[in-house]
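Chemist: The structure follows.
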Amino acid sequence: MVMRADAVVVGAGVVGAAVAEALSREGRRVHVVEQGVPGGAVSGASLACIGTHMMDEDELPLLVWSCAAWRALAEHSPVFEYERCGQIRFLDHEHELASARHWIAMETGVGLGSRLIEPDEVRRIEPILKGPILAATWSPDDAVVNPFLAVRTLVAQARSRGATVQSGTAVSGLALEGGRVRGVETAAGRIEAGIVVLAGGPWTGRLAATAGIDLALVPRKAQCLATVARPPSIRRVVGACKAEGGVDAGYTQIQQARSGQILFNTVLAGGITADGGPDDIREADRLFMRDSIATLLRLFPDLADVDLLRSWVRYEAVTPDDRFLVGPAGPEGLYIAAGDGGTGFIRAPAVGRLIADHVAGREPSFRSDIYAPLRFAGAGRA
Ligand SMILES: Cc1cc2nc3c(=O)[nH]c(=O)nc-3n(C[C@H](O)[C@H](O)[C@H](O)COP(=O)(O)OP(=O)(O)OC[C@H]3O[C@@H](n4cnc5c(N)ncnc54)[C@H](O)[C@@H]3O)c2cc1C
């Protein structure tokens, strides 16, 4: 049987779901094809913190818009546990202060509320954070969402506007004809559409390659630990404020889910590995576990008796400049929405918006050249 739609979105992670939502909002008949279940891959493994702090100056307008879009969605559909809990980023070293001040100046310049705070104020905002720190930045508007429910909400929004979702079906390749895309091929048959958006997370490069397109995407390991559920104690997202910036400089993220589990990870500089791939999910690294537990207990000594419940590993899709690939690529009608760089939840609504702009042929809502999918063509891989 041949199915037809205006647009096929491949992948129902947070990015594909946001793209489907944005395209269906504009009256397009959208069909989403997902090899597993919506939100079941990287998105479901996420800590899903939504914020603008210490991200990227060129991307600030997009980030501000995207965070506001999440807030607006939460007002209309308060079912995905959106919580504006704020984020504390602790500093351990004097040399991190200059960088923190730089970020804060930039953010307050566009009206955001981040500021530098002393340890005393940190204790007032997060009383259980008793470990030694030099200072911290505080971004009160940062939020967290439940990643599964957030993806489902976006999918439900798209469905309410007529989108259809086909789970458990892998797209095996693109249907091309005369230099333009005609749809996608699946084991269940061809789906015809003049617009195809590849939002396959770390699998996107493989799909694009079926059309001869070489995307500069590499997998990067992301790991996390969870404790057993405990009574509510950590109220904020607690992260490290690294002067060097970027995930490669190392990071810490600690938060407590509504379920009561404390979710946390610490990667020290140089600890990031690109071994393995999205289908090759092994145990969390022992060194990662050691560093994560050490950081948790240093900051929160009262948690010394907490039991660890589980750990998990996923592979995010990363580009050489840590920015998304968003926009048209190769054959007419083909679009890419991938390369999350580990912050895809924050950006997903804006990525959806940019794809809808490109498809409609109108002026992009945000600066879009920095996301051009083929900007690394010929420059080799990361
Ligand atoms: C531990 C951890 C913590 C994180 N913390 C944060 C955070 O605090 N804030 C933040 O913004 N981000 C965070 N991230 C990153 C964020 O989760 C990702 O950027 C985001 O989920 C990527 O979404 P995606 O839709 O691109 O990918 P995915 O969720 O992987 O979705 C891609 C989908 O495409 C499907 N697919 C692939 N190939 C095919 C095919 N051939 N046919 C059909 N379907 C296909 C897959 O099954 C998958 O469901 C974190 C990630 C991890 C792992």
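Numbering (full-length UniProt numbering), first residue to last: 1 to 382.
No residue lacks a Cβ here, since even glycine has one placed at the ideal position from N, Cα and C.
Using the C-alpha atoms, what's the distance from residue 102 back to residue 38?
Modeler: Position 38 of the sequence shown holds residue 38. Position 102 of the sequence shown holds residue 102. Each residue's Cα considered, the two are about 39 Å apart.
Chemist: Determine the direct distance from the alpha carbon of residue 171 to that of residue 188, and round the result to whole angstroms.
Modeler: Start at 1 with the first residue of the sequence shown, and residue 188 comes out as number 188. Start at 1 with the first residue of the sequence shown, and residue 171 comes out as number 171. Inter-residue distance for residue 188 and residue 171 is about 9 Å (C-alpha atoms, whole angstroms).
Chemist: Looking at residue 43 and ligand 1, is the gap between the Cβ and the nearest heavy atom below 8 Å?
Modeler: Here residue 43 is taken as the residue at index 43 of the sequence shown, counted from 1. Yes; taking the cut-off as 8 Å, the Cβ of residue 43 has a heavy atom of ligand 1 nearer than that.
Chemist: For residue 251, collect the residues of the same chain with a Cβ closer than 6 Å to its Cβ; drop the 5 residues on either side in sequence, then sort them by chain order.
Modeler: Taking the first residue of the sequence shown as 1, we reach residue 251 at position 251. The residues are 240, 267.
Chemist: With DSSP as the reference, label residue 289 as helix, strand or coil.
Modeler: Position 289 of the sequence shown holds residue 289. In the structure shown, residue 289 sits in a helix (DSSP, three-state: H, G or I).
Chemist: Please look up how many angstroms separate the CB atoms of residue 159 and residue 226, rounded, as I've assumed it's under 8 Å.
Modeler: Within the sequence shown, numbered from 1, the residue matching residue 159 stands at position 159. Within the sequence shown, numbered from 1, the residue matching residue 226 stands at position 226. About 30 Å separates the two Cβ atoms, so there is no contact after all.
Chemist: Please report how far the alpha carbon of residue 352 lies from the alpha carbon of residue 142, in whole angstroms.
Modeler: To locate residue 352, count along the sequence shown from 1; it is residue 352. To locate residue 142, count along the sequence shown from 1; it is residue 142. Rounded to whole angstroms, residue 352 to residue 142 spans 20 Å at the Cα level.
Chemist: Could you check whether the Cβ of residue 333 sits closer than 8 Å to any heavy atom belonging to ligand 1?
Modeler: Numbered from its first residue, the sequence shown carries residue 333 at position 333. No, the Cβ of residue 333 stays beyond 8 Å of every heavy atom of ligand 1.
Chemist: Can you give, in chain order, each stretch of the alpha helix (DSSP H) that sits fully within the stretch 267 to 353 and has at least 4 residues?
Modeler: If we require 4 residues or more, the alpha helix (DSSP H) runs fully inside the stretch 267 to 353 come out as 286 to 299.
Chemist: Quick one: what does DSSP say residue 134 is sitting in, helix, strand or coil?
Modeler: By 1-based counting over the sequence shown, the position of residue 134 is 134. Three-state result, residue 134: coil.
Chemist: Using a 10 Å radius around the Cβ and a threshold of 16 neighbouring Cβ atoms, would you call residue 344 buried or exposed?
Modeler: Numbered from its first residue, the sequence shown carries residue 344 at position 344. Residue 344 should be labelled buried.
Chemist: Sorted by chain position, which residues of the same chain lie with C-beta nearer than 7 Å to residue 18's C-beta, five sequence neighbours on each side aside?
Modeler: Within the sequence shown, residue 18 is the residue found at index 18, counting from 1. The answer, listed in chain order, is 154, 348, 349, 351, 352.
Chemist: Cα separation between residue 302 and residue 291?
Modeler: Numbered from 1 along the sequence shown, position 302 holds the residue referred to as residue 302. Numbered from 1 along the sequence shown, position 291 holds the residue referred to as residue 291. Answer to the nearest angstrom: the Cα atoms are 18 Å apart.
Chemist: Could you check how far apart the C-beta atoms of residue 220 and residue 342 are, in whole angstroms? I think they sit under 8 Å.
Modeler: By one-based count along the sequence shown, residue 220 stands at place 220. By one-based count along the sequence shown, residue 342 stands at place 342. Contact holds; Cβ gap of about 7 Å.
Chemist: If we ignore side chains and look at the alpha-carbon of each, how far apart do residue 132 and residue 337 end up?
Modeler: Here the question's residue 132 lines up with position 132 in the sequence shown. Here the question's residue 337 lines up with position 337 in the sequence shown. Each residue's alpha carbon lies about 41 Å from the other.
Chemist: What are the start and end residues of the beta strand (DSSP E) that includes residue 77?
Modeler: As a first step, residue 77 is located in the sequence shown; it is residue number 77 there, counting from the start. Careful: residue 77 lies outside any beta strand (DSSP E) and carries neither H nor E.
Chemist: Can you give me the Cβ contacts of residue 45 inside the same chain, cut-off strictly under 6 Å, excluding the 5 residues immediately before and after it?
Modeler: In the sequence shown, the residue the question calls residue 45 occupies position 45. Once the five neighbours on either side are set aside, the close Cβ partners of residue 45 are 312, 314.
Chemist: Whole angstroms are fine: how far does the CA of residue 305 sit from the CA of residue 318?
Modeler: As a first step, residue 318 is located in the sequence shown; it is residue number 318 there, counting from the start. As a first step, residue 305 is located in the sequence shown; it is residue number 305 there, counting from the start. Near 36 Å, if we compare the C-alpha coordinates of residue 305 and residue 318.
Chemist: Could you check if residue 67 belongs to the surroundings of ligand 1, using beta carbon to heavy atom distance under 8 Å?
Modeler: Locating residue 67 in the sequence shown gives position 67, counting from the first residue. No, the beta carbon of residue 67 sits no closer than 8 Å to any heavy atom of ligand 1.
Chemist: Check for me: the beta strand (DSSP E) holding residue 155 runs from which residue to which?
Modeler: Position 155 of the sequence shown, counting from 1, holds the residue named residue 155. Here residue 155 belongs to no beta strand (DSSP E); instead the alpha helix (DSSP H) covers 147 to 160.
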